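Residue numbers (the working numbering), protein chains in the order written: chain A, 1 to 148; chain B, 1 to 148.
To start, the structure under review is shown below, and the notes come after it.
Number of protein chains: 2
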Amino acid sequence: MENLRELFQVMTRRFGLLNKNCCQIGGIEVSLVQSHILYEISRQNKPSMQHVADTLGMDITTFSRQIQTLVKMELVTKTPLPEDRRVYLLALTTEGKFVAATIDEQMNQYLNEVFANMSEFEREMVIKSVRLLNEAMSKSSVCCKPLA
Amino acid sequence: MENLRELFQVMTRRFGLLNKNCCQIGGIEVSLVQSHILYEISRQNKPSMQHVADTLGMDITTFSRQIQTLVKMELVTKTPLPEDRRVYLLALTTEGKFVAATIDEQMNQYLNEVFANMSEFEREMVIKSVRLLNEAMSKSSVCCKPLA
DNA sequence: AATATATACTTGCATTTTGCAAGTAATAAG
DNA sequence: CTTATTACTTGCAAAATGCAAGTATATATT
Chain A
1 MENLRELFQV MTRRFGLLNK NCCQIGGIEV SLVQSHILYE ISRQNKPSMQ
51 HVADTLGMDI TTFSRQIQTL VKMELVTKTP LPEDRRVYLL ALTTEGKFVA
101 ATIDEQMNQY LNEVFANMSE FEREMVIKSV RLLNEAMSKS SVCCKPLA
Chain B
1 MENLRELFQV MTRRFGLLNK NCCQIGGIEV SLVQSHILYE ISRQNKPSMQ
51 HVADTLGMDI TTFSRQIQTL VKMELVTKTP LPEDRRVYLL ALTTEGKFVA
101 ATIDEQMNQY LNEVFANMSE FEREMVIKSV RLLNEAMSKS SVCCKPLA
């Protein structure tokens, strides 16, 4: 089999670069990790800190501090769970939602531009492939232990 | 059009996680950035510092320091170019080549495991798609300015 | 030839990010 | 009631980051 790594190394690097750019919204500037955190909080329904940190494969202490920063920036709220007071539930503030939505838009815009260089057929194939890849990775034991 | 970002966000996160793991070779430990640098030096033929930094979209000062570390670790050599003595050419030492090759193997092994969850047809489609994506991204103006 | 400009790389900060170890507080298990 | 376990926080110390300013070499301008 050919060298898979080359293909994927270049691809992930490019997406990394893409991600780097797209994190300034109005006056607010958000780091790459922070944008991942915002994304994941918006996707899940009032997740706990531990849960999001696991999903992102982040050390919980680093995560804890990032959340502190995001709370100070008034993008995220941290609410103790009454049933289990060790746990804090995370949610986006109105501004946090706005920021997350804006990043989402920007990324989609970038991606659409990338896809504009393809035929309709190719586009569908690529999207199907990414979906397949995600599924296959979630099944793999080695890679990507953290939950989807 | 559906939400492309979701698909790609998850995919790139997973590859990021995959990358994180695979950077300890024997007694040597290499960071994720360092593995990208090693990879790129091995791919190019005696590239200059500026060139590799550009390829990876890294700040040149950060890059300079990373190279200093890699030289100290005896994984990389830095040779001044006689024709233009501002320029330094980068290359891997024997040990550097070994480390790069080992990481490459590991990554390929992981990728093969991922692909094991697919049919032959799917596998070919996915590989073709990644190639397409890389090409499309290299054509895009927004994303991934750094050269391939 | 002399001066100015540009390029390739390095160094000096000051800030941010990271992760292990050790801590607190709350729940669960024995 | 005592002993885990779990969820999260804090204290370091190390590493990574990037801007500003530096050195050294090469190129362009006059």
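All residues carry an ideal CB built from backbone N, CA and C; glycine is no exception.
Here the structure is a predicted model, which means the values were calculated and not measured.
Per-residue burial, residue i [other beta carbons within 10 Å of its own, 16 or more giving buried]
i	result
S31(A)	exposed
E40(B)	buried
F8(A)	buried
S140(A)	buried
T61(A)	exposed
R65(A)	exposed
A136(A)	buried
F121(B)	exposed
D84(A)	exposed
Residue i at chain A interface by Cβ criterion, 8 Å
i	result
Q44(B)	no
F121(B)	no
M73(B)	no
V130(B)	yes
L7(B)	yes
V114(B)	yes
Below-8 Å beta-carbon distance, residue i vs any chain B residue
i	result
A136(A)	yes
V10(A)	yes
M125(A)	yes
M49(A)	no
S31(A)	no
Y39(A)	yes
F63(A)	no
K97(A)	no
L104(A)	The sequence shown places Asp at residue 104(A), not Leu. Closer than 8 Å to some Cβ of chain B, the Cβ of D104(A) qualifies, so yes.
G16(A)	yes
L90(A)	no
K78(A)	no
L56(A)	yes
L70(A)	no
L111(A)	yes
DSSP bridge partner residues for residue i (one or two, in chain order)
i	result
T79(A)	L89(A)
Q24(A)	E29(A)
S48(B)	L89(B)
D84(B)	L81(B)
Beta-carbon separation (whole angstroms), residue i vs residue j, contact threshold 8 Å
i	j	result
E95(A)	E113(A)	Actually they are not in contact, since the Cβ atoms of E95(A) and E113(A) sit about 27 Å apart, beyond 8 Å.
N108(B)	N108(A)	About 32 Å separates the two Cβ atoms, so there is no contact after all.
N21(A)	V10(B)	Wrong, their Cβ atoms sit about 19 Å apart, outside the cutoff.
S129(A)	M125(B)	6 Å
V76(A)	L92(A)	6 Å
G16(B)	T12(A)	7 Å
K97(B)	S138(B)	So it is not a contact: roughly 27 Å between Cβ atoms.
D104(B)	R5(A)	6 Å
Sequence-distant residues of its chain with Cβ nearer than 6 Å to residue i (five each side left out)
i	result
I25(B)	V99, T102
L81(B)	V87, L89
P146(A)	Residue placement at P146(A) is poorly supported in this model, since its pLDDT is 47, which falls under 50; the coordinates still yield a value, given next. Excluding positions up to five away in sequence, the list reads D54, T55, G57.
Q106(A)	C22
T79(A)	L89
Residues near residue i in its chain [Cβ-Cβ closer than 7 Å; skip 5 each side]
i	result
L18(B)	Y110
D59(A)	none
R45(B)	According to the sequence displayed, residue 45(B) carries Asn and not Arg. None.
F115(A)	R123
N117(B)	none
L132(B)	none
Cut-off 8 Å between Cβ atoms - residues of its own chain near residue i, not counting five sequence neighbours on either side
i	result
F63(A)	I37, M49, V52, A53, L56
I67(B)	I37, M49, V76, K78, L90
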